[in-house]
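There are 2 protein chains.
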Amino acid sequence: MEKVKVLLVEDDPNLGSLLKEYLEAKGYSTILAVNGKQGYDVFSKDKFNICILDVMMPIKDGFTLAKEIRAIDNNVPIVFLTAKSMKEDAVEGFTAGADDYITKPFSMEELLLRIKAILRRTENKTSIHSEQTEFQIGNYKFDYKHQTLEIKGVQQKLTTKEADLLKLLCLNANEILDRNFALKSIWHDDNYFSGRSMDVYIAKLRKYLKEDSSVELINVHGKGFKLLIGK
Amino acid sequence: MEKVKVLLVEDDPNLGSLLKEYLEAKGYSTILAVNGKQGYDVFSKDKFNICILDVMMPIKDGFTLAKEIRAIDNNVPIVFLTAKSMKEDAVEGFTAGADDYITKPFSMEELLLRIKAILRRTENKTSIHSEQTEFQIGNYKFDYKHQTLEIKGVQQKLTTKEADLLKLLCLNANEILDRNFALKSIWHDDNYFSGRSMDVYIAKLRKYLKEDSSVELINVHGKGFKLLIGK
DNA sequence: GAACAATGTTAAAATATGTTAAGGTTCTAT
DNA sequence: ATAGAACCTTAACATATTTTAACATTGTTC
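In the order they appear, the protein sequences are chains V and F. Under numbering that gives the first Met the number 0, the first residue of the first sequence is numbered 0, with each subsequent residue one higher. Under numbering that gives the first Met the number 0, the first residue of the second sequence is numbered 0, with each subsequent residue one higher.
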């Protein structure tokens, strides 16, 4: 994972270096600029994952800077730090294309949490896959993303429902996958018919999985199913 | 543009209906649920653009509900309303996959602004209006603006519909492109015939994309399509 | 072990999607 | 304006996926 780069523009040197230090300690590569003009220069030369801008600054205020940044990059997340709590300011800030704003005083933890929330949202779109997508089931290799189950070089294509159910079973391997939990997760419903439908899929999965005798898909009466793997 | 759908879960009936009214007035289609359980039921039956959850509720609290919602939909934005201002709670909230949280008391305008910020962030990434115009699809290079798809120096000209659909798929690469969302975005209509038309285009795109075996355009039954890129 | 509930299993019914080609419609060059 | 090309929709038929039905088996309770 690449290090996240933060542009921090804050004219108060105490707060600025404090935040920079904190963010660095949390693993973010942070550049601190002390006014809007410098902030713009830095931004135009480098690429950042997120910008944190103080609103009230001499020379060039945060809103103006945000607009200039937007002109260069329409997508980079921008967070405002503002002492003002007035509605109008907030409106102006968001209009300028902000993704969030934090009113001073704030805790550094809160800032961090908001940064994380924003990054998660943006990164999720671009990173190939953050969730687990490949599973080893005995001698089988299950690729959830591609919906395939392979053993001895033979590949079985799975349907969406088959893959969903098998994934849940894998995530709960050697533990009970609760019947109702699975139904709600996949069928979004736990009525009688959905239940019977799931039972049908369990039967199908058992068929697929019988090439490896160390793998078993058993029922736990009244509770759910358990995928027993290996050993 | 389709109306934005908001799921609001708030146990205080006064605050709840006040917010609902306000959001409706602002043009958001809002469903109000009065507790976590009801919120879950509503969510599992319908599709929402954003969820606003009160944290402290009887029966099922907002954090628990958020986890359940995440199990169904890993992407829908979640905002917490919380009277608590403790760090720990905030941490737990964000861990549960929240995109923002607002501490009571808050102004309705602030809520609206935060909702807007989040929606802009999410929609821009996936909507046909995204500014992004060039995409790498395995060994293919797709130029949306010029409507071309190129591999090994061979250039295929795309029609408008082909390019639109491929762009939406790229913006949601490795994730599900919801069938109805795509239909509404490109065909401005989700009736039967538009759907069949889209299926025809999917088939055409599959033909174009079969030069690179690491690229797959698969169907997710009842949901939509997924463009799988790489590995 | 009788009665009921839960699960196993297979197949038919109902939906959804895949694909090709035939019809329309719109655009473009003359 | 009009023929031809390009594009989009609709039709028609094929296949895939999911749900429902039907009946068999297993487990639980008393």
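For each residue, glycine too, the CB sits at the ideal point set by N, CA and C.
Per DSSP, the bridge partner or partners of residue i
i	result
T102(F)	T81(F)
T29(F)	V5(F)
Y139(V)	I136(V)
N218(V)	F224(V)
C50(F)	L6(F), I77(F)
L148(F)	F141(F), Q155(F)
I175(V)	K225(V)
Proximity of residue i and residue j at Cβ, strictly below 7 Å
i	j	result
K225(V)	I175(V)	yes
E136(F)	I228(F)	Sequence inspection shows Ile at residue 136(F); the Glu mentioned does not correspond to that position. Yes, Cβ-Cβ distance for I136(F) and I228(F) is below 7 Å.
N171(F)	T125(F)	yes
L14(F)	T29(F)	no
K59(V)	G35(V)	yes
I127(F)	L167(F)	yes
G223(V)	D177(V)	yes
L18(V)	G38(V)	no
D53(F)	E9(F)	yes
K4(F)	N74(F)	no
Q154(V)	Y207(V)	no
Cα-Cα separation between residue i and residue j, rounded to whole angstroms
i	j	result
S212(V)	R205(V)	11 Å
F62(F)	G152(F)	52 Å
K66(F)	D72(F)	10 Å
I68(V)	S184(F)	29 Å
T147(F)	K25(V)	43 Å
A32(V)	K203(F)	51 Å
F134(F)	C169(F)	7 Å
L22(F)	I77(F)	16 Å
K209(F)	K160(F)	19 Å
E20(V)	S106(V)	14 Å
L80(V)	R113(F)	15 Å
A82(F)	M55(F)	8 Å
H187(V)	V219(F)	16 Å
R195(V)	L216(V)	17 Å
L182(F)	D45(V)	38 Å
T121(F)	I150(F)	30 Å
L165(V)	V199(V)	13 Å
T179(V)	Y100(F)	Rather than Thr, the amino acid found at residue 179(V) in this sequence is Asn. So the two alpha carbons sit approximately 30 Å from each other.
D11(V)	T102(V)	15 Å
K115(V)	M197(V)	37 Å
S16(F)	N138(F)	53 Å
R119(V)	P104(V)	24 Å
T132(V)	P57(V)	50 Å
V41(F)	C50(F)	11 Å
Y27(F)	K2(F)	6 Å
Any C-beta of chain F under 7 Å from that of residue i
i	result
S129(V)	Confidence in S129(V) is poor, its pLDDT being 37 and thus under 50, which makes the residue's placement unreliable; the coordinate value appears in the next sentence. Not closer than 7 Å to any Cβ of chain F, the Cβ of S129(V) fails to qualify, so no.
H187(V)	yes
R120(V)	yes
S193(V)	no
D98(V)	yes
S184(V)	yes
K2(V)	no
T159(V)	yes
A116(V)	yes
C169(V)	no
Within-7 Å CB hit, residue i to chain V
i	result
A202(F)	no
A32(F)	no
A70(F)	yes
I136(F)	no
V199(F)	no
H145(F)	no
S126(F)	no
S212(F)	no
V219(F)	yes
S196(F)	no
S43(F)	yes
Residue i beta carbon near the ligand NAD (any heavy atom closer than 6 Å)
i	result
F224(F)	Because no ligand of any kind appears in the structure shown, any question about the ligand NAD cannot be addressed here.
>> Count Cβ pairs between the stretch 190-199 of chain F and the stretch 130-148 of chain F that sit closer than 8 Å; are there 3 or more?
In response: Three or more Cβ pairs closer than 8 Å define a contact, and the stretch 190-199 of chain F falls short of that threshold against the stretch 130-148 of chain F.
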